[in-house]
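Numbering that gives the first Met the number 0 puts the first residue of the sequence shown at 0, with every later residue one more than the last. Yeah, the Cβ is synthetic: ideal placement off N, Cα and C, and Gly gets one too. Predicted, not measured: the structure shown is a model, and the values here were computed from it. Below you'll find the structure, written out as structure tokens, and then a few comments.
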Amino acid sequence: MKRLLVYSLLSMFAAGGFAQSTKDTLLTITRDTLDKNKASISIKIGDDKDDNDDEKDSKPASKVTFQFIAARFDLGLSTYTDKGSYTLSPANSFLERETWKSSNFGFEFFQMGYRFNSHFKIYTGAGLDWNHMRLKQNITFQKDKSTLTYVTDAVDYKKNRFSSQYLRIPLSFQFRTNDDKKGDKLNFVIGPEIGFLLNGKVKQVSGENGKDKFKDDYNFNPFRYGAFARLGYGGMGVYVKYYGNDVFAEGQGPADFKNLSFGLMFGF
């Protein structure tokens, strides 16, 4: 069922991406704020002028938008807390990681929202999100286990990466300023986010075995929830994301083990 959902979403994204690559077509549904009894559906060629034009009118028409996009690319560090501490307990030392090589990457491919005025918009969307732990220890997590299980290997891994991939669904509240002299805006976005696990993955590189890849759910939490904040100027910014429930499913891995990610983002 998860694979069918993902394939369907990616198929829609691919179709939308093809349309935009040829003519940059945007399907937009608008409602005239001065006449609430009239609504229209239009196909626009080019950019979404509601989001990109200078503030020519004091009260521009509000607008509902549905877009297949490639935006809000996140690239940052993925950190973890163990019972509120950034220091792992002895029982969870097997999850010790290389800090600067444990990363978060994500992007969004669909967005729908409603712009109330030039400065405020609410929108939701869908995207993909990866968290990569670069493990320090030479261990391999086992597939198809009721709890998170690993074995210690007699192999010196050059890379031992433990990853999760989620479908992310944010609800965003966007505040932005007027254009400055350069035509750019200051953006602030905050809101909740939920996610559904797509898969887990182990990737190992060693001189003895070469490259190995293994996929399983690895007892990751099938559903996660949290909050995020984004602050940016023009097309770049910074982000932070925190998830309130545990990284691993209840009773299947370390308890009170949570994820915090932060870094740079591209494309508001």
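By a beta-carbon distance limit of 8 Å, GLN110 does not contact ILE168. Their separation comes to about 11 Å. In this chain, the beta strand (DSSP E) harbouring HIS131 covers 119-133. Of the other Cβ atoms in all chains shown, 16 or more fall within 10 Å of the Cβ of LYS184; this residue is therefore buried.
Membership of PRO169 in the beta strand (DSSP E) is indicated by the continuous run 156-175. Fully enclosed beta strand (DSSP E) runs of no fewer than 3 residues occupy 209-215 of the segment 189-220, in order along the chain.
Between ASN130 and PHE256, the beta carbon gap of about 12 Å keeps them out of contact (Cβ cut-off 8 Å). Distance from the Cα of GLY231 is smallest, within the candidate group LYS100, LEU76, PHE65 and GLY262, for GLY262. Looking from the CA of LYS214, the closest CA among PHE140, THR98 and LEU127 belongs to PHE140. Nearest to ILE189 by C-alpha distance, out of SER101, LEU74 and PHE267, is PHE267. When DSSP states are grouped into helix, strand and coil, ASN116 belongs to the coil group. By the Cβ criterion, the segment 155-166 is in contact with the segment 197-204, since at least three pairs of Cβ atoms, one from each stretch, lie closer than 8 Å. Annotated three-state conformation of SER260 is strand, per DSSP. One Cα belongs to ASN177, the other to ARG71, and the distance between them is close to 20 Å. Assigned with DSSP and collapsed to three states, SER102 falls in strand.
Within its own chain, the residues whose Cβ lies closer than 7 Å to the Cβ of PHE247, once the five positions on either side in sequence are excluded, are LEU147, ASN218, PHE219, ASN220, PRO253 and PHE256, listed in chain order. In this model, VAL239 and TYR224 are separated by some 14 Å (Cα to Cα). In this structure, ASP155 is the residue among SER145, ASP155, LEU127 and LYS144 with its C-alpha nearest to the C-alpha of ILE138.
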